[in-house]
Amino acid sequence: MLTEELGELGAAREALARERLEELQALARTYRNWTVKELAHALGRQPGRLVPDSGMPKIDLVVGLAKALDWPVEAVVDHLMKPPSTGRRVSPMSDCANDFAKLYDQSLQKRLELDHIDAIRLAIRAGAVADNPTRRAAALIIESDAHQSVGSYVESVRCLREAIRIEGIAVDWRLYCDARLANMLFMQGQTSHALGIASSVLDYAQKVPDSVVLRTAQLLAHWSRGHVLRTAIPMESIESWRSLAGSAREDFRKARDLCAELAEETDGKPIYFGSFLGVIDPVLLELDAVCDESQEESVVRALLAIVRENGSVEPSLGERKAWAAVALANTVKRFVVDEMQRRGMLEVASATLRAHAVATSNWYFAHKHLELDAERRRFLSGNGTASRALDAMEAKLVAGVLGQVHSSRGNAAEFLALYGSKEGART
6 MLTEELGELG
16 AAREALARER
26 LEELQALART
36 YRNWTVKELA
46 HALGRQPGRL
56 VPDSGMPKID
66 LVVGLAKALD
76 WPVEAVVDHL
86 MKPPSTGRRV
96 SPMSDCANDF
106 AKLYDQSLQK
116 RLELDHIDAI
126 RLAIRAGAVA
136 DNPTRRAAAL
146 IIESDAHQSV
156 GSYVESVRCL
166 REAIRIEGIA
176 VDWRLYCDAR
186 LANMLFMQGQ
196 TSHALGIASS
206 VLDYAQKVPD
216 SVVLRTAQLL
226 AHWSRGHVLR
236 TAIPMESIES
246 WRSLAGSARE
256 DFRKARDLCA
266 ELAEETDGKP
276 IYFGSFLGVI
286 DPVLLELDAV
296 CDESQEESVV
306 RALLAIVREN
316 GSVEPSLGER
326 KAWAAVALAN
336 TVKRFVVDEM
346 QRRGMLEVAS
356 ATLRAHAVAT
366 SNWYFAHKHL
376 ELDAERRRFL
386 SGNGTASRAL
396 DAMEAKLVAG
406 VLGQVHSSRG
416 NAAEFLALYG
426 SKEGART
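Structure below.
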């Protein structure tokens with residue numbers, strides 16, 4: 006009896022694996038507009054041998070599918086290995102242009118549910134049936150968002166660049182693509198390029214009729230430009246940089262005002278605007294301290310309170326704590342003189358950024374954590390104590406940052422050297 010049940014379970018698993026593999030192959034054919042023969046050629050298989058009996062393909066076929074779909078390899082593996090749902094499975098159906106809105110909305114919903122692999126899959130299906138240039142660009146934007154959410158910044162930027170190259174997009178959507186690209190380039194540390202694109206969006210937007218999409222583009226452009234200006238402010242001798250801090254603060258204030266308008270106008274839908282409002286205030290606090298040094302103590306207290314919301318540095322809704330940690334680290338470096346206080350608050354900021362990076366694969370925050378941790382390791386080495394060795398999670402963070410944040414690669418050798426020895430050993 007038990008043997009029969011195990012046999013039935015094994016057969017069910019194989020059937021599900023075959024079905025999932027067939028789904029991905031059908032999706033690849035739609036995405037590339039290929040025949041079965043063309044797909045087989047791309048995957049290095051005979052047309053009749055695309056799906057093994059076990060449903061579990063060899064690694065070369067997985068890699069080939071990933072290339073055909075423009076997915077990361079891990080996304081293909083995740084889809085093939087995902088456990089079955091409890092509900093009734095629906096057989097794959099051919100999509101048509103009338104399905105675009107449904108697929109687009111489903112992709113957005115999957116991203117809200119943190120099912121980013123399905124969000125990518127649905128966005129690609131939406132793009133495959135899009136019947137005009139603006140819809141194709143919109144599908145690429147939500148695909149880009151989903152790639153960003155799983156930490157694939159390179160794929161996210163690729164989607165946005167592909168959307169920008171499409172001819173005939175509505176002007177407000179084109180500006181929205183540009184603004185999103187500026188934000189992603191900032192996250193990768195490509196600040197000069199991000200500044201140019203964001204400024205161009207803001208200049209051109211003045212000539213375009215108003216729309217929710219246009220104001221969202223302006224919001225992101227102000228956010229991106231504000232960050233580029235903020236990161237240009239040094240940690241020492243900031244007096245001559247206060248005018249730049251004022252310009253950055255003005256960008257963030259405009260972003261906050263636009264965000265409040267959009268949140269009210271859309272009645273919190275998408276919830277993006279409501280959660281975005283919460284992340285702007287911590288960044289403004291950092292600039293308040295730069296513009297008026299007398300506010301330093303109150304700013305540090307306020308940022309610490311945000312970081313420690315709910316009695317923990319663990320991530321809460323949105324990125325509010327993580328941005329507060331970035332602002333806290335910069336403010337402490339600029340103004341806190343007492344070494345013990347300084348080290349303690351930087352440890353809190355670093356732990357907050359690490360927790361958020363681990364939970365969300367946000368490589369910008371991971372990069373900031375590694376920079377702070379590198380300073381701690383140098384301090385320990387200077388005191389004759391070697392730093393703690395790289396653990397498995399930090400190995401993931403180092404690999405993710407070096408792979409996705411271009412500006413980090415100049416410090417690759419230093420990162421790897423700093424994480425090479427064991428803490429506690431006397432040198």
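Residue numbers (our numbering): 6 to 432. Using N, Cα and C, we set each Cβ at its ideal position, and we do this for glycine too. A quick note: this is a predicted structure, and the numbers were derived from the prediction, not measured.
Neighbourhood of residue i by C-beta distance below 7 Å, restricted to the same chain and skipping five residues each side
i    : result
L282 : R261, C264, A265, A268
V4   : This structure does not reach residue 4, given that the chain is present from 6 up to 432, and the question cannot be answered.
R347 : V337, V341
A142 : A168, I171, I174, W178, C182
A226 : A184, A187, A203, V206, L207
L200 : R230, V233
E24  : none
L113 : I147
P52  : V41, K42, A45
Range covered by the alpha helix (DSSP H) that runs through residue i
i    : result
P138 : 138 to 154
W328 : 325 to 340
M345 : 344 to 365
H411 : Segment: none, H411 is in no alpha helix (DSSP H) and carries neither H nor E.
E301 : 301 to 312
N188 : 176 to 192
E269 : 247 to 270
L219 : 217 to 236
I129 : 121 to 134
S204 : 196 to 210
G69  : 64 to 74
V159 : 158 to 169
D110 : 105 to 117
Same chain, Cβ closer than 6 Å to residue i, five either side skipped, listed in chain order
i    : result
L48  : L66, G69
E301 : A294, F340
L108 : L127, R130, A131
A144 : A128, A131, G132, A135
V378 : For clarity, residue 378 is Asp in the given sequence; the question names Val instead. Correct list, in chain order: S355.
R34  : L44
F384 : none
C164 : L145, E148, S149
R235 : A253
L434 : Missing from the structure shown is residue 434; the chain here goes from 6 to 432 and no further.
D104 : V134
E324 : V284
Neighbourhood of residue i by C-beta, 8 Å cutoff - its chain only, sequence neighbours within 5 removed
i    : result
R93  : Note that R93 has pLDDT 35, beneath the 50 cutoff, so the model's placement of it is unreliable and the number below is only indicative. So no residue of the chain qualifies.
V312 : V318, K326, A329, A330, L333, V353, A354, T357
V3   : Residue 3 lies beyond the stretch modelled for the chain, which goes from 6 to 432, so this question has no answer here.
L249 : L234, A237, I238
Cβ-heavy atom distance, residue i to the ligand HEM, below 6 Å
i    : result
L127 : Judged by which ligands are present, the structure shown has none, so any question about the ligand HEM falls away.
With three or more C-beta pairs closer than 8 Å as the rule, is the segment 201 to 210 touching the segment 235 to 246?
No, the segment 235 to 246 does not touch the segment 201 to 210.
Does the segment 174 to 192 come into contact with the segment 219 to 230, if we say contact requires no fewer than three beta-carbon pairs (one atom in each stretch) closer than 8 Å?
These segments touch.
Runs of alpha helix (DSSP H) lying entirely within the segment 23 to 60, each at least 4 residues, in chain order:
Those alpha helix (DSSP H) runs which fall completely within the segment 23 to 60 and span 4+ residues are 41 to 48.
Touch test, the segment 188 to 199 against the segment 167 to 175, Cβ-Cβ under 8 Å, three pairs minimum
Using a C-beta cut-off of 8 Å, the segment 188 to 199 makes no contact with the segment 167 to 175, since fewer than three inter-stretch Cβ pairs fall below that distance.
Contact between the segment 119 to 130 and the segment 326 to 334: three or more CB pairs below 8 Å?
These segments do not touch.
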